[in-house]
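Undergrad: By the count of numbering that gives the first Met the number 0, the sequence shown reaches residue 282 at its end, each step adding exactly one. Virtual Cβ for every residue (Gly too), placed ideally from N, Cα, C. Computed from a predicted model, the values in this text were never measured in an experiment. This structure is in structure tokens; I'll ask about it shortly.
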Amino acid sequence: MTAPAWSSRHEFAREVDRPEEDLNLARAALLVAREEYLQLPVDRYLVRLDVLAEETRDRLGIERAPSVVLAEANNHLFLTRKLRGNREHYHDPRNSFLNDVLDRGLGIPLTLGIVLLEVGWRLGLPLEGVNFPGHFMVRYRGDALTFLIDPFHGGMIRTRKEMREIMSRQRGGRPQLEPRHFKTATRRDMVVRLLLNLKGIYHRAGDDTRALAAVERILVVRPTARVQIRDRGYLLARLGRPDEAVTQLETYLAFAPDAADVGRVEALVQELRAGGKPLPGSS
Numbered sequence: 000m001t002a003p004a005w006s007s008r009h010e011f012a013r014e015v016d017r018p019e020e021d022l023n024l025a026r027a028a029l030l031v032a033r034e035e036y037l038q039l040p041v042d043r044y045l046v047r048l049d050v051l052a053e054e055t056r057d058r059l060g061i062e063r064a065p066s067v068v069l070a071e072a073n074n075h076l077f078l079t080r081k082l083r084g085n086r087e088h089y090h091d092p093r094n095s096f097l098n099d100v101l102d103r104g105l106g107i108p109l110t111l112g113i114v115l116l117e118v119g120w121r122l123g124l125p126l127e128g129v130n131f132p133g134h135f136m137v138r139y140r141g142d143a144l145t146f147l148i149d150p151f152h153g154g155m156i157r158t159r160k161e162m163r164e165i166m167s168r169q170r171g172g173r174p175q176l177e178p179r180h181f182k183t184a185t186r187r188d189m190v191v192r193l194l195l196n197l198k199g200i201y202h203r204a205g206d207d208t209r210a211l212a213a214v215e216r217i218l219v220v221r222p223t224a225r226v227q228i229r230d231r232g233y234l235l236a237r238l239g240r241p242d243e244a245v246t247q248l249e250t251y252l253a254f255a256p257d258a259a260d261v262g263r264v265e266a267l268v269q270e271l272r273a274g275g276k277p278l279p280g281s282s
């Protein structure tokens with residue numbers, strides 16, 4: 000890891016180590032991006048979010064009713080500023096970098112949701128993230144009314160029926176919605192989801208170095224995430240670092256002695272100890 004990347008990783012670790020209420024979600028997301036863009040001016044992009052909130056406030060005048068503020072924030076972000084979901088190139092990694100989302104106006108549900116959350120929080124709106132499977136959502140939780148907002152589709156308000164349809168498109172069949180599907184996402188949850196998106200993108204592209212960087216940052220946030228410990232071992236092995244790989248895989252086996260893939264992991268450990276190297280893409 001280069002010195003600027005190490006510095007970004009160190010700053011990232013400090014940010015996600017803060018208490019939940021003090022963790023700056025946008026800053027953490029930008030520090031994720033700064034390992035890709037080593038000279039990224041994080042504070043300048045935080046000011047961009049301040050400006051978006053101020054522009055919305057200016058359009059409101061003296062109006063402060065939360066429903067009106069939310070409607071104006073949606074209009075400003077998705078109509079005036081033209082933020083939208085990148086349906087044509089959904090798996091472009093730039094959709095997961097908050098600076099690119101602000102620059103290009105294109106993103107995925109999570110990064111567009113982070114923009115809406117950050118602007119909404121600056122305006123005093125009771126918004127929270129929702130880790131809906133396959134399609135991140137934002138929830139407005141008011142005193143008298145609660146509803147879901149879909150940032151990928153221009154801030155559309157979603158009904159329960161529409162959420163079932165979204166899940167059906169993701170999973171097929173006729174899935175049943177359960178309370179766990181609507182669980183509030185903490186700021187750490189959102190950072191981990193962002194990194195999981197990047198991990199998946201880089202894995203599909205065969206970019207083991209970047210996939211490893213994503214996994215290592217997930218482990219900064221969730222140090223005992225067993226699957227990530229295992230995957231770090233796989234990636235280290237594919238990158239020609241067998242001793243480190245064995246350490247990670249043996250840690251995984253200690254944490255998950257009854258996992259379904261124990262036999263396969265044990266075989267890989269023996270192969271690595273014998274001087275072998277896994278085939279690219281094996282995991």
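Out of L193, T158, E164, M136, state which residue places its alpha-carbon closest to the alpha-carbon of F151.
TA: Its Cα nearest to that of F151, the residue M136 stands out among L193, T158, E164, M136.
Undergrad: Helix, strand or coil: which one does DSSP assign to D57?
TA: helix
Undergrad: Which residues in the same chain have their Cβ closer than 6 Å to the Cβ of L134, if we skip the five residues on either side of it in sequence?
TA: Just to set this straight, residue 134 is His in the shown sequence, not Leu. For H134, where only same-chain residues beyond five positions count, the Cβ hits under 6 Å are P108, I165.
Undergrad: Less than 8 Å separating the beta-carbons of L39 and N98?
TA: Closer than 8 Å, so yes.
Undergrad: Express the C-alpha separation of G106 and A70 in angstroms, rounding to a whole number.
TA: If you take the alpha carbons of A70 and G106, they lie about 20 Å apart.
Undergrad: Please go through the region 106-142 and give each complete alpha helix (DSSP H) segment of 4 or more residues, from N-terminal end onward.
TA: Entirely contained in the region 106-142, the alpha helix (DSSP H) runs reaching 4 residues are, in chain order, 108-121.
Undergrad: The alpha helix (DSSP H) with M166 in it runs from where to where?
TA: 159-170
Undergrad: Skipping 5 residues on each side, what residues in its chain have a beta carbon closer than 8 Å to that of R320?
TA: Residue 320 is absent from the model: the chain starts at 0 and stops at 282.
Undergrad: What do you get for E19, buried or exposed, if any count of 16 or more other CB atoms within 10 angstroms of its CB means buried?
TA: exposed
Undergrad: For L147, name the three-state secondary structure that DSSP assigns.
TA: Strand.
Undergrad: Check whether the region 214-231 and the region 35-53 are in contact - that is, three or more C-beta pairs closer than 8 Å.
TA: Too few Cβ pairs lie closer than 8 Å, so no.
Undergrad: Tell me the rounded alpha-carbon separation between R43 and L124.
TA: 23 Å
Undergrad: So, helix, strand or coil for R221, using DSSP?
TA: coil
Undergrad: Select from E117, D16, L122 the residue whose C-alpha is nearest the C-alpha of S66.
TA: L122
Undergrad: Would you tell me roughly how many angstroms separate the C-alpha atoms of W120 and G262, rounded to the nearest one?
TA: 48 Å
Undergrad: At which residue ranges does the region 15-69 contain complete beta strand (DSSP E) runs of 3 or more residues, listed in the order of the chain?
TA: none
Undergrad: What is the DSSP secondary structure of T208, reduced to helix, strand or coil?
TA: helix
Undergrad: Short of 6 Å in beta carbon distance, which residues of its chain neighbour L147, apart from the five on each side in sequence? Order them along the chain.
TA: M136, R138, R157
Undergrad: How would you write the range of the alpha helix (DSSP H) that Y89 sits in, first residue to last?
TA: Careful: Y89 lies outside any alpha helix (DSSP H) and carries neither H nor E.
Undergrad: Just the Cα atoms here: how many angstroms apart are R231 and N74?
TA: 42 Å
Undergrad: To which residues does DSSP link A184 through a beta bridge?
TA: Answer is G128.
Undergrad: If we ignore side chains and look at the alpha-carbon of each, how far apart do Y36 and G112 end up?
TA: 22 Å
Undergrad: Under a Cβ-count criterion, where at least 16 other Cβ atoms within 10 Å of its own Cβ denotes burial, should L48 be classed as buried or exposed?
TA: buried
Undergrad: Where does M189 sit, in a helix, a strand or coil, going by DSSP?
TA: helix
Undergrad: Got a sec, what are the start and stop residues for the alpha helix (DSSP H) N98 sits in?
TA: 97-103
Undergrad: Taking the straight line between their C-alpha atoms, what separation do you get for R272 and A72?
TA: 57 Å
Undergrad: To the nearest angstrom, how far is it from the Cα of E87 to the Cα of A32?
TA: 22 Å
Undergrad: Closest by CA to G153, which one among N85, L24, Q227, E177?
TA: Each of N85, L24, Q227, E177 was checked against the Cα of G153, and the nearest Cα belongs to N85.
Undergrad: Nearest to E34 by CA position, among F96, E62, A266, I61, is which residue?
TA: The option with the nearest alpha carbon to E34 is F96.
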